[in-house]
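Engineer: According to the UniProt record's numbering, the sequence shown holds residues 1 to 112 in order.
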Amino acid sequence: MTEGAPVGDPRRFLTDGRLERSPRRWRDKVAVTRYLATVALPRLLDPVPERELTDRLARVARDPVGLRRAMVDLGVVSRTRDGAEYWRTERTEHDDDPDVLELAARVLEEDG
Numbered sequence: 001m002t003e004g005a006p007v008g009d010p011r012r013f014l015t016d017g018r019l020e021r022s023p024r025r026w027r028d029k030v031a032v033t034r035y036l037a038t039v040a041l042p043r044l045l046d047p048v049p050e051r052e053l054t055d056r057l058a059r060v061a062r063d064p065v066g067l068r069r070a071m072v073d074l075g076v077v078s079r080t081r082d083g084a085e086y087w088r089t090e091r092t093e094h095d096d097d098p099d100v101l102e103l104a105a106r107v108l109e110e111d112g
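In structure tokens, the structure reads:
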């Protein structure tokens, strides 16, 4: 877990910037999912191919497919009917957080 992260901060569930296991409580799962959706898809309504999103999520989570599914189930992310493309549909409380933007930049940079 991240040292020094405040109680309401979803980063407290990350280990070295990665989600190794999902939190137990529902509200914590929602918070972490919203946070990581903003990291993986920092630009609202910007479509990303399924493979690229899975690769981005793999950099920040142990179970990228489960996380992708959770993002869609929560309605933070939408997808095409065939699942070929995904995009973030909802602004989150993390959109203007400099730490999130820095992590997102690193995740996007690795896409090359």
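Using N, Cα and C, we set each Cβ at its ideal position, and we do this for glycine too. In this text, all values refer to a predicted model and were calculated from it rather than measured experimentally.
Using the C-alpha atoms, what's the distance from R91 back to L44?
Structural biologist: Approximately 7 angstroms between the Cα atoms of the pair.
Engineer: What three-state label does DSSP hand R91 in the structure shown?
Structural biologist: Coil.
Engineer: Measure the C-alpha to C-alpha separation of D16 and R59 and round it to an integer number of angstroms.
Structural biologist: For D16 and R59, the distance between alpha carbons rounds to 11 angstroms.
Engineer: With a threshold of 7 angstroms on Cβ separation, who are the neighbours of P10 within its own chain once the five nearest residues in sequence on each side are excluded?
Structural biologist: Taken in chain order, the residues that qualify are A31, V32 and Y35.
Engineer: Would you report the Cα separation of R51 and W26, rounded to the nearest angstrom?
Structural biologist: So the two alpha carbons sit approximately 27 angstroms from each other.
Engineer: What is the residue span of the alpha helix (DSSP H) that V30 lies within?
Structural biologist: Where V30 is concerned, the enclosing alpha helix (DSSP H) stretches over W26 to A40.
Engineer: Terminal residues of the continuous beta strand (DSSP E) containing V77?
Structural biologist: Taken as a continuous stretch (DSSP letters only), the beta strand (DSSP E) holding V77 covers V77 to R79.
Engineer: For M100 versus R56, is the C-beta distance shorter than 8 angstroms?
Structural biologist: Going by the sequence as given, residue 100 is Val instead of Met. For V100 and R56, no; Cβs fall outside 8 angstroms.
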